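**Q**
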Amino acid sequence: MQLFTTIASLRSYLCNDLRDRKSIALVPTMGALHVGHLSLIDRARTENDCVIVSIFVNPLQFGAGEDFDKYPRTLDGDRQICENAEVEAIFVPSASEMGLSKAKATYNMTQVMPPPEMVNVLCGRSRIDHFQGVATIVTKLLNIVQPDRAYFGCKDGQQLAVIRQVVNDLNLPVEIIGCPTIRESSGLAYSSRNQYLSASDRILAAHIYQSLLCARQKILDSDEICATSQVIATARNYLDKFPTINLEYIELVDAKTLQPCAQPEASLMLAIAARIGNTRLIDNISIIF
Ligand code: PAF
Numbered sequence: 049m050q051l052f053t054t055i056a057s058l059r060s061y062l063c064n065d066l067r068d069r070k071s072i073a074l075v076p077t078m079g080a081l082h083v084g085h086l087s088l089i090d091r092a093r094t095e096n097d098c099v100i101v102s103i104f105v106n107p108l109q110f111g112a113g114e115d116f117d118k119y120p121r122t123l124d125g126d127r128q129i130c131e132n133a134e135v136e137a138i139f140v141p142s143a144s145e146m147g148l149s150k151a152k153a154t155y156n157m158t159q160v161m162p163p164p165e166m167v168n169v170l171c172g173r174s175r176i177d178h179f180q181g182v183a184t185i186v187t188k189l190l191n192i193v194q195p196d197r198a199y200f201g202c203k204d205g206q207q208l209a210v211i212r213q214v215v216n217d218l219n220l221p222v223e224i225i226g227c228p229t230i231r232e233s234s235g236l237a238y239s240s241r242n243q244y245l246s247a248s249d250r251i252l253a254a255h256i257y258q259s260l261l262c263a264r265q266k267i268l269d270s271d272e273i274c275a276t277s278q279v280i281a282t283a284r285n286y287l288d289k290f291p292t293i294n295l296e297y298i299e300l301v302d303a304k305t306l307q308p309c310a311q312p313e314a315s316l317m318l319a320i321a322a323r324i325g326n327t328r329l330i331d332n333i334s335i336i337f
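Residue numbers (the numbering used here): 49 to 337.
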């Protein structure tokens, strides 16, 4: 497996000769790879000839006071995981290689601004500029690698919807593949931020997913179409039993547009964000009526 730290060296590896013969997949990550990432890599492996994993903790997507400094950086382990998963190459650029130099503390650079109605909702309410930072770095990575397909987890449901919109709006020639959320046996979704949780926090955190299942069951059990407010109230009532889970939001939105819906529609996402101590966790499930 190759490791590239510069755009020029990666580009020369992905020369036209290789492109002509092989389909190329990109799995963008911020490292601290876990079983969820591995499922993206495995899927990419089965659908493409060549898999590139990027590892870059993107400062643009962290707000002031967020966990940029303490975000886990585990390059040696990540490298091993990629090697074992038969990844062809990992791309590990520095911030300056990505055009984000410390001298530009305000990141005075061109940025990709997704539609405000998609980034000012759900996580975007508390994470101002987060999705602009994600959209900018993902667009740069797609332009650098020019993959045939790029793989993202459905756990970050808002991120996936935003990236699909950006790719569509900017006519980027890549297929975006959303992969199912991978969960621990308790139901807790794998996340690099789970490392911040104590053993007892982890047990508690599993109730976030249970609250979503409980709300979905409410829909399945109802003879009539149940209102959005009833669905959300069901999840809220479930979580009320766990006062140390601080709910930030729980919303039922259209999975593609992320707009709230008063009445159930075809393809919805029940999305949640909650804090346990200082750790912010997100999850979602899809609801098809
Ligand atoms: O989901 C992530 O790990 C990041 O948001 C991504 C897509 C790699 C962009 O930095």
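Backbone N, C-alpha and C fix where the C-beta goes; we use that ideal spot for every residue, glycine too.
These figures come from a predicted structure and were not determined experimentally.
Would you kindly work out how many angstroms separate the C-alpha atoms of Pro228 and Gly201, rounded to a whole number?
**A** Each residue's Cα considered, the two are about 6 Å apart.
**Q** Where Pro291 and Ile330 are concerned, what is the direct C-alpha to C-alpha distance, given to the nearest angstrom?
**A** So the two alpha carbons sit approximately 17 Å from each other.
**Q** I want to check one thing, is the minimum distance from the CB of Ile100 to the heavy atoms of the ligand PAF below 7 Å?
**A** No; taking the cut-off as 7 Å, the Cβ of Ile100 has no heavy atom of the ligand PAF nearer than that.
**Q** Would you mind stating whether Leu189 and Ser102 have Cβ atoms separated by less than 8 Å?
**A** Against a cut-off of 8 Å, the Cβ pair of Ser102 and Leu189 comes out as a contact.
**Q** Which ranges does the beta strand (DSSP E) cover as unbroken runs of at least 3 residues, wholly within the segment 175-219, from first to last along the chain?
**A** Entirely contained in the segment 175-219, the beta strand (DSSP E) runs reaching 3 residues are, in chain order, 197-201.
**Q** Since Thr292 is in the alpha helix (DSSP H), which residue starts that stretch and which ends it?
**A** From DSSP, Thr292 is part of no alpha helix (DSSP H); its letter is neither H nor E.
**Q** Using three-state DSSP, classify Gln50 as helix, strand or coil.
**A** Strand.
**Q** So is Ala112 buried or exposed if we call it buried at 16+ other beta carbons inside 10 Å?
**A** Classification of Ala112: exposed, given that the 10 Å Cβ count is below 16.
**Q** Counting pairs of beta carbons, one from the segment 317-324 and one from the segment 243-257, are three or more of them closer than 8 Å?
**A** Verdict: yes, contact present.
**Q** Do you know how far the Cα of Lys203 is from the Cα of Arg231?
**A** When rounded, the distance between both Cα atoms is 10 Å.
**Q** Leaving out the 5 sequence neighbours to the left and right, which residues in its chain are closer than 6 Å to Glu131 when beta-carbon positions are compared?
**A** Met49.
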